[in-house]
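> The sequence shown begins at 1 in UniProt numbering and counts up one residue at a time.
Ideal placement from N, C-alpha and C gives every residue a C-beta, glycine not left out.
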Amino acid sequence: MLKELINDIGSEEFSIIIDKSTDISTIKYMAYCVRHFSKKLNNLVTNFLGFSEIATATADQLYNNFTTFISEVGLDLKHLIVIAIGTDGVSNLCGINYSLFTLLKKKFQIYNLLNVLAIC
């Protein structure tokens with residue numbers, strides 16, 4: 001199923017939605033979804049890509065986990081056009097000085113980098 005999704009994306013542009021979470025046993029995870037135009041369905045679709053476990057939640061570790069996961073599933077980061085980060089406002093994800101947000105913005109020079117703060 002994942003291979004079929006990656007094949008459907010192919011070398012087309014795509015967007016990534018990420019969110020960090022901690023389960024009941026305090027293990028940290030990053031969740032990934034991809035949004036792209038499916039040639040097969042002739043429609044814009046959003047699909048769950050998977051989870052990656054996070055050893056430490058520093059900005060550098062989150063960045064490394066992100067790039068490793070995306071490469072391991074077979075997506076080409078040069079076709080990435082939008083990144084959306086779901087967050088509750090913690091500084092390692094969306095701080096203005098040094099965070100996953102600033103590292104992604106600097107590395108990929110993406111102007112469509114969204115920081116989606118929880119409002120509840």
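#1: Which residues in the same chain have their Cβ closer than 8 Å to the Cβ of residue 119, if we skip the five residues on either side of it in sequence?
#2: According to DSSP, which residues form a beta bridge with residue 45?
#3: Out of curiosity, what's the CA-to-CA distance linking residue 1 and residue 93?
#4: Mind checking which residues open and close the alpha helix (DSSP H) that includes residue 64?
#5: Given residue 103, which residues of its chain have a CB within under 7 Å of its CB, disregarding the five upstream and five downstream residues?
#6: Near residue 51, which residues of its chain fall below 6 Å by C-beta distance, leaving aside the five closest residues on each side in sequence?
#7: Three-state secondary structure (DSSP) at residue 53?
#8: On the criterion of 16 or more Cβ atoms from any shown chain inside 10 Å, does residue 87 qualify as buried, or is it exposed?
#9: According to the neighbour-count rule (16 or more other Cβ atoms, all chains shown, within 10 Å of its Cβ), is residue 79 buried or exposed?
#10: Who are the Cβ neighbours of residue 98 in its own chain at under 8 Å, not counting the five residues just before and after it?
#11: Output the distance between the C-alpha atoms of residue 101 and residue 66, rounded to the nearest integer angstrom.
Well, looking at it:
#1: Numbered from 1 along the sequence shown, position 119 holds the residue referred to as residue 119. Reliability of the predicted coordinates at residue 119 is poor, the pLDDT of 47 falling under 50, and the value obtained from them is presented with this limitation in mind. Cβ neighbours of residue 119 beyond the five flanking positions: none.
#2: One-based indexing of the sequence shown puts residue 45 at position 45. Per DSSP, 36.
#3: To locate residue 1, count along the sequence shown from 1; it is residue 1. To locate residue 93, count along the sequence shown from 1; it is residue 93. Approximately 30 Å between the Cα atoms of the pair.
#4: If you number the sequence shown from 1, residue 64 lands on position 64. Element bounds for residue 64: 59-73.
#5: Numbered from 1 along the sequence shown, position 103 holds the residue referred to as residue 103. Correct list, in chain order: 59 and 63.
#6: The count along the sequence shown starts at 1 and reaches residue 51 at position 51. Same-chain partners within the cutoff: 29 and 31.
#7: In the sequence shown, residue 53 corresponds to position 53, counting from 1. Looking at residue 53 - three-state DSSP - the assignment turns out to be strand.
#8: If you number the sequence shown from 1, residue 87 lands on position 87. Flag for residue 87 reads buried.
#9: One-based indexing of the sequence shown puts residue 79 at position 79. The residue in question, residue 79, is exposed, as its Cβ has fewer than 16 Cβ neighbours within 10 Å.
#10: Along the sequence shown, read from residue 1 onward, the residue named residue 98 stands at position 98. Excluding sequence neighbours, residue 98 sits near 59.
#11: In the sequence shown, the residue the question calls residue 101 occupies position 101. In the sequence shown, the residue the question calls residue 66 occupies position 66. Roughly 11 Å between the two C-alpha positions.
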